[in-house]
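Residue numbers (full-length UniProt numbering), protein chains in the order written: chain A, 1 to 76; chain B, 1 to 76; chain C, 1 to 76; chain D, 1 to 76; chain E, 1 to 76; chain F, 1 to 76.
Protein chains: 6
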Amino acid sequence: MPFVNIRITNEGATAEQKQELIQGVTDLLQKVLNKNPATTFVIIDEVETDNWGVGGTAVTTLRKRAAEAAAAKSSS
Amino acid sequence: MPFVNIRITNEGATAEQKQELIQGVTDLLQKVLNKNPATTFVIIDEVETDNWGVGGTAVTTLRKRAAEAAAAKSSS
Amino acid sequence: MPFVNIRITNEGATAEQKQELIQGVTDLLQKVLNKNPATTFVIIDEVETDNWGVGGTAVTTLRKRAAEAAAAKSSS
Amino acid sequence: MPFVNIRITNEGATAEQKQELIQGVTDLLQKVLNKNPATTFVIIDEVETDNWGVGGTAVTTLRKRAAEAAAAKSSS
Amino acid sequence: MPFVNIRITNEGATAEQKQELIQGVTDLLQKVLNKNPATTFVIIDEVETDNWGVGGTAVTTLRKRAAEAAAAKSSS
Amino acid sequence: MPFVNIRITNEGATAEQKQELIQGVTDLLQKVLNKNPATTFVIIDEVETDNWGVGGTAVTTLRKRAAEAAAAKSSS
Numbered sequence: 001m002p003f004v005n006i007r008i009t010n011e012g013a014t015a016e017q018k019q020e021l022i023q024g025v026t027d028l029l030q031k032v033l034n035k036n037p038a039t040t041f042v043i044i045d046e047v048e049t050d051n052w053g054v055g056g057t058a059v060t061t062l063r064k065r066a067a068e069a070a071a072a073k074s075s076s
Numbered sequence: 001m002p003f004v005n006i007r008i009t010n011e012g013a014t015a016e017q018k019q020e021l022i023q024g025v026t027d028l029l030q031k032v033l034n035k036n037p038a039t040t041f042v043i044i045d046e047v048e049t050d051n052w053g054v055g056g057t058a059v060t061t062l063r064k065r066a067a068e069a070a071a072a073k074s075s076s
Numbered sequence: 001m002p003f004v005n006i007r008i009t010n011e012g013a014t015a016e017q018k019q020e021l022i023q024g025v026t027d028l029l030q031k032v033l034n035k036n037p038a039t040t041f042v043i044i045d046e047v048e049t050d051n052w053g054v055g056g057t058a059v060t061t062l063r064k065r066a067a068e069a070a071a072a073k074s075s076s
Numbered sequence: 001m002p003f004v005n006i007r008i009t010n011e012g013a014t015a016e017q018k019q020e021l022i023q024g025v026t027d028l029l030q031k032v033l034n035k036n037p038a039t040t041f042v043i044i045d046e047v048e049t050d051n052w053g054v055g056g057t058a059v060t061t062l063r064k065r066a067a068e069a070a071a072a073k074s075s076s
Numbered sequence: 001m002p003f004v005n006i007r008i009t010n011e012g013a014t015a016e017q018k019q020e021l022i023q024g025v026t027d028l029l030q031k032v033l034n035k036n037p038a039t040t041f042v043i044i045d046e047v048e049t050d051n052w053g054v055g056g057t058a059v060t061t062l063r064k065r066a067a068e069a070a071a072a073k074s075s076s
Numbered sequence: 001m002p003f004v005n006i007r008i009t010n011e012g013a014t015a016e017q018k019q020e021l022i023q024g025v026t027d028l029l030q031k032v033l034n035k036n037p038a039t040t041f042v043i044i045d046e047v048e049t050d051n052w053g054v055g056g057t058a059v060t061t062l063r064k065r066a067a068e069a070a071a072a073k074s075s076s
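Set out below in structure tokens:
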């Protein structure tokens, strides 16, 4: 009866991809710990990039900087 | 000062039902452990059915299968 | 298939009390939202009082202050 | 590599305020425990006031009562 | 930068099995969503069986019942 | 009434350091969002290094590798 919570930024994961994560994690727990899939819960939370910070900076800003750097590089 | 997090699928729980859950859990903790309601937090998360998996399958798909099975049964 | 996480301070809840919480929350979700007990998970986390803060102060300290105040009162 | 989850009611926190929380928590963990900001995750969850209860009552109701009390006071 | 929290009952998962879960989940997120392993956090919580309930009953009790049923069967 | 959960590896944080984190986070939420300290909860979870993975590897192993690299460097 494992409970798995996957938290990712809300950046367009499709229903198919989320199904693949659900299936993959359930299979992994069955393989490694012989856990019963029927009582394995997987919950995926998609978090807005304003609401997720790394290195003290919101992901929205990190993505913007990365895009600007890439644009600057491609135009140089 | 208990903290209770209730996670349910996002399938139409009304404000009244959520209030009933909040009141019920708070009363339960007061009755069983004599916890002070004034510092008992209850948070309810409603999760999209694409984002909740059981038995390796997203609830969206499980609900669809159940509806199809019911339809097939009622038309047979 | 609700998932409920109850967080309380680690201050001596007995196995019987925890069973009562598990049963009570499961019954509540069945009554209010008609959720199936067989797929209702309840997890209780017991947190050390050094690790739980309210009003900016660890519960260990809050408990100590309360005990000292009670002692002072009873000896006055 | 700390992971910090901040849960607040969904009552209008701006992107700037959320950035300030992310930066502040990351700095605090670096100062107190010398944790590396580059691997410090901060996630902010904003919860609907119907879904957050204190003292057995949803915050939506608490806010309404407070507003009514304030209105009654100012009109008396 | 995904964050994955795996909650299992505290029933003897070895360090090797936990490493296998950590590796497996990280690989899955890289394969499905192209997430960078270097910023993928996996945390495993092992919960006492008194503290985990399913169907309104603590796992400690469920395990005991299952053992008694198995013993009764093998001795019949 | 914010709820803050800080998860760190179980590597010797003292009661004083945990108090500093509790106070710091509570002050930050009061400063940034004017949240009432009296109803601000902070919970710190300390996770075993076998149970925390980054880059697909348990922290126990990462710490061991780092110590071996440091030892090799200092003896070269």
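The beta carbon of each residue, even a glycine, is placed where N, CA and C say it ideally should be.
- [ ] May I ask you to report which of helix, strand or coil DSSP gives glycine 56 (chain B)?
- [x] The residue you call residue 56 (chain B) lines up with position 56 of the second sequence. Glycine 56 (chain B): coil per DSSP, three-state reduction.
Open item on the list: Among C:Lys73, C:Met1, C:Ala70 and C:Thr49, whose alpha-carbon lies nearest the alpha-carbon of asparagine 34 (chain C)?
Closed with: Along the third sequence, one-based indexing puts residue 34 (chain C) at 34. Ranking C:Lys73, C:Met1, C:Ala70 and C:Thr49 by Cα distance to asparagine 34 (chain C) puts C:Met1 first.
Task: Beta-carbon proximity check, isoleucine 44 (chain E) vs glycine 56 (chain F), cutoff 8 Å - done: For the purposes of this step, residue 44 (chain E) is taken as the residue at position 44 of the fifth sequence. For the purposes of this step, residue 56 (chain F) is taken as the residue at position 56 of the sixth sequence. Note that the C-beta distance between isoleucine 44 (chain E) and glycine 56 (chain F) is not below 8 Å.
Task: Three-way DSSP call (helix, strand, coil) for asparagine 34 (chain F) in this model - done: As a working note, residue 34 (chain F) is residue 34 in the sixth sequence. In the structure shown, asparagine 34 (chain F) adopts coil according to DSSP, grouped into three states.
Open item on the list: Please identify the residue among E:Asp50, E:Leu62 and E:Phe41 whose C-alpha is closest to the C-alpha of isoleucine 6 (chain A).
Closed with: Within the first sequence, residue 6 (chain A) is the residue found at index 6, counting from 1. When each option's Cα is compared against that of isoleucine 6 (chain A), the closest is E:Phe41.
Open item on the list: I'd like the list of long-range same chain contacts for aspartate 50 (chain C), defined as Cβ closer than 6 Å, with 5 residues on each side in sequence excluded.
Closed with: One-based indexing of the third sequence puts residue 50 (chain C) at position 50. Excluding residues within five positions, the ones whose Cβ falls inside 6 Å are Ala58 and Thr60.
Open item on the list: Quick check: what's the CA-CA separation for aspartate 27 (chain E) versus glutamate 46 (chain F)?
Closed with: To locate residue 27 (chain E), count along the fifth sequence from 1; it is residue 27. To locate residue 46 (chain F), count along the sixth sequence from 1; it is residue 46. Straight-line Cα distance between these residues: approximately 25 Å.
Open item on the list: Check whether chain F comes within 8 Å of threonine 26 (chain E), counting only Cβ atoms and requiring the distance to be less than that.
Closed with: In the fifth sequence, counting from the first residue as 1, residue 26 (chain E) sits at position 26. By this cut-off, threonine 26 (chain E) is an interface position.
Task: Proximal chain F residues relative to glutamate 20 (chain D), where beta-carbon distance stays under 7 Å - done: Indexing the fourth sequence from 1 puts residue 20 (chain D) at position 20. Correct list: Val32.
Open item on the list: 8 Å is my cut-off, CB to CB: does isoleucine 8 (chain C) come that close to chain E?
Closed with: Translated into the one-based positions of the third sequence, residue 8 (chain C) becomes position 8. So, not an interface residue.
Task: Rounded straight-line distance, which links the Cα of alanine 15 (chain D) to that of lysine 73 (chain A) - done: One-based indexing of the first sequence puts residue 73 (chain A) at position 73. One-based indexing of the fourth sequence puts residue 15 (chain D) at position 15. Between the alpha carbons of lysine 73 (chain A) and alanine 15 (chain D) lies a distance of about 28 Å.
- [ ] Could you tell me which chain F residues have their CB closer than 8 Å to the CB of alanine 38 (chain E), listed as they occur along the chain?
- [x] Your numbering for residue 38 (chain E) matches position 38 in the fifth sequence. Within chain F, the residues near alanine 38 (chain E) are Val54 and Gly55.
Task: Within 8 Å, strictly: CB atoms of valine 4 (chain B) and valine 4 (chain C) - done: Position 4 of the second sequence holds residue 4 (chain B). Position 4 of the third sequence holds residue 4 (chain C). Yes, they are a contact pair.
- [ ] Mark lysine 18 (chain F) as exposed unless 16 or more other C-beta atoms lie within 10 angstroms of its C-beta, in which case mark it buried.
- [x] Here residue 18 (chain F) refers to the residue found at position 18 when the sixth sequence is read from its first residue. A residue is called buried when at least 16 other Cβ atoms come within 10 angstroms of its Cβ; lysine 18 (chain F) meets this threshold and is buried.
Task: Beta-carbon proximity of valine 25 (chain F) to glutamate 20 (chain D), cut-off 8 Å - done: The sequence position of residue 25 (chain F) within the sixth sequence is 25, counting from 1. The sequence position of residue 20 (chain D) within the fourth sequence is 20, counting from 1. With a cutoff of 8 Å on beta-carbon distance, valine 25 (chain F) and glutamate 20 (chain D) are scored as not near each other.
Open item on the list: Relative to the C-alpha of alanine 13 (chain F), which candidate in D:Gly12, D:Ile8, D:Thr9 and D:Gln30 has its C-alpha closest?
Closed with: Position 13 of the sixth sequence, counted from the start, is the residue given in the question as residue 13 (chain F). Comparing Cα-Cα distances from alanine 13 (chain F) to each of D:Gly12, D:Ile8, D:Thr9 and D:Gln30, the minimum goes to D:Gln30.
Task: Host beta strand (DSSP E) of glutamate 11 (chain C) (start-end) - done: Position 11 of the third sequence, counted from the first residue, corresponds to residue 11 (chain C). Careful: glutamate 11 (chain C) lies outside any beta strand (DSSP E) and carries neither H nor E.
Open item on the list: Can you tell me whether glycine 12 (chain F) sits near the ligand MN, meaning its C-beta is under 7 Å from at least one heavy atom of the ligand?
Closed with: Because no ligand of any kind appears in the structure shown, any question about the ligand MN cannot be addressed here.
TODO: List the residues of chain B whose Cβ lies closer than 8 Å to the Cβ of alanine 67 (chain C), in chain order.
DONE: Here the question's residue 67 (chain C) lines up with position 67 in the third sequence. What alanine 67 (chain C) touches in chain B: nothing, since even the nearest Cβ is about 17 Å away.
- [ ] Mind listing the chain A neighbours of asparagine 5 (chain E)? Cutoff is C-beta to C-beta under 9 Å, in chain order.
- [x] The residue given as residue 5 (chain E) occupies position 5 in the fifth sequence. Those are Phe3, Val4, Asn5, Ile6 and Arg7, listed as they occur along chain A.
TODO: Flag alanine 13 (chain D) as yes if its beta-carbon sits less than 8 Å from any beta-carbon of chain B, otherwise no.
DONE: Sequence index remark: in the fourth sequence, residue 13 (chain D) carries index 13 (1-based). Alanine 13 (chain D) does not count as touching chain B.
TODO: Identify every residue that forms a DSSP beta bridge with valine 4 (chain F).
DONE: Here the question's residue 4 (chain F) lines up with position 4 in the sixth sequence. Valine 4 (chain F) pairs with D:Ile6 and F:Val42.
- [ ] Give me the Cα-Cα distance between glutamate 68 (chain D) and alanine 38 (chain E), rounded to the nearest whole angstrom.
- [x] The residue labelled residue 68 (chain D) in the question sits at position 68 within the fourth sequence. The residue labelled residue 38 (chain E) in the question sits at position 38 within the fifth sequence. The alpha-carbon separation between glutamate 68 (chain D) and alanine 38 (chain E) amounts to approximately 52 Å.
Open item on the list: Is there a Cβ of chain C sitting closer than 8 Å to that of alanine 71 (chain E), yes or no?
Closed with: Here residue 71 (chain E) refers to the residue found at position 71 when the fifth sequence is read from its first residue. Chain C contact via Cβ: absent.
TODO: Mind listing the chain E neighbours of valine 42 (chain C)? Cutoff is C-beta to C-beta under 7 Å, in chain order.
DONE: The residue labelled residue 42 (chain C) in the question sits at position 42 within the third sequence. Chain E residues near valine 42 (chain C): Gly53.
Task: Neighbourhood of isoleucine 8 (chain C) by C-beta, 8 Å cutoff - its chain only, sequence neighbours within 5 removed - done: Indexing the third sequence from 1 puts residue 8 (chain C) at position 8. Same-chain partners within the cutoff: Ile44, Asp45, Glu46 and Val47.
- [ ] Below 6 Å CB to CB, which residues in the same chain sit around leucine 62 (chain B) once its five sequence neighbours on both sides are set aside?
- [x] Walking along the second sequence from the start, residue 62 (chain B) turns up at place 62. Answer for leucine 62 (chain B): no residue qualifies.
- [ ] Within the same chain, show all residues whose beta-carbon is closer than 8 Å to that of asparagine 10 (chain A), passing over the 5 residues directly before and after it, in chain order.
- [x] Position 10 of the first sequence, counting from 1, holds the residue named residue 10 (chain A). Result list for asparagine 10 (chain A): Glu46, Val47, Glu48 and Thr49, in chain order.
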